[in-house]
Structures are given as C-alpha cells and as structure tokens.
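Report on the following structure.
Shown next as structure tokens:
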C-alpha cells in the first residue's frame, strides 16, 4: 500500500503542477488577448541600430523582426545604420562628445 501511495504521489504531484502552470499560462494569454491594443494610437520612435561590419548570423533575429514588423508593432521605427567606420569607435567618439 505504501508503494502505491508513493507511485501516485510521484506521478500526481508533477502532473498537478504541470496542469496548474499550463492553466495559468492559458489564462494569461486570454487576458492579454482581450485587453485593448495600445498600438493603434502609439507614437513611433525612430531608432538607429549599428551592426558590426557586415550582416551575419548573429543578426538573424533583428532581420526577422524587421521583416515581420515586430518593431513597428511595438512602436519602434528601426533604421539600420551602415557605417563606413567601426560602430565601437563611433560609440567611443560619441562618449567623448558627451563628456
């Protein structure tokens, strides 16, 4: 009898936790989906993004988000900054201007 109780507890407790977490996630998604969307009246903020050297696989997420309009959905007008000088040097130069 003791082994049955242990087996039930070892399966039941994790299963109960999984059900609670999934339920909370689904409830949160439902609440977020029914809320009023602020994106329609949101002011667009223009930002420049300086990537290093040439486009590479480290920038994939940025390009996908631009293509799918995820930045625009969040009110960001993201402009790629294609510099002839290395971005880290431009950052340092900007820091010295700020001092």
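Residue numbers (our numbering): 4 to 102.
Each residue gets a CB set at the ideal place from its N, CA and C atoms; glycine is no exception.
Review point. Can you tell me where the alpha helix (DSSP H) with residue 69 in it begins and where it stops?
Key: The count along the chain shown starts at 1 and reaches residue 69 at position 66. That run of the alpha helix (DSSP H) goes 63-71.
Review point. Helix or strand or just coil, what does DSSP make of residue 52?
Key: Translated into positions along the chain shown, residue 52 becomes position 49. In the structure shown, residue 52 sits in a strand (DSSP, three-state: E or B).
Point to revise | residue 59, DSSP secondary structure in three states | key: Taking the chain shown and counting its residues from 1, one reaches residue 59 at position 56. Here residue 59 sits in coil by DSSP.
Practice item. Inspect the beta-carbon positions of residue 50 and residue 81 and report whether they are closer than 8 Å. Key: Indexing the chain shown from 1 puts residue 50 at position 47. Indexing the chain shown from 1 puts residue 81 at position 78. Yes, the Cβ-Cβ distance between residue 50 and residue 81 is below 8 Å.
Exercise for review: Measure from the alpha carbon of residue 47 to the alpha carbon of each residue in 54, 83, 66, 74, then state which is nearest.
Suggested key: Within the chain shown, the letter at position 44 stands for residue 47. The candidate whose alpha carbon is nearest that of residue 47 is 74.
Check your understanding: Taking Cβ to Cβ, would you say residue 3 is nearer than 8 Å to residue 54?
Key -> Residue 3 lies beyond the residue range present for the chain, which begins at 4 and ends at 102; the question has no answer from this structure.
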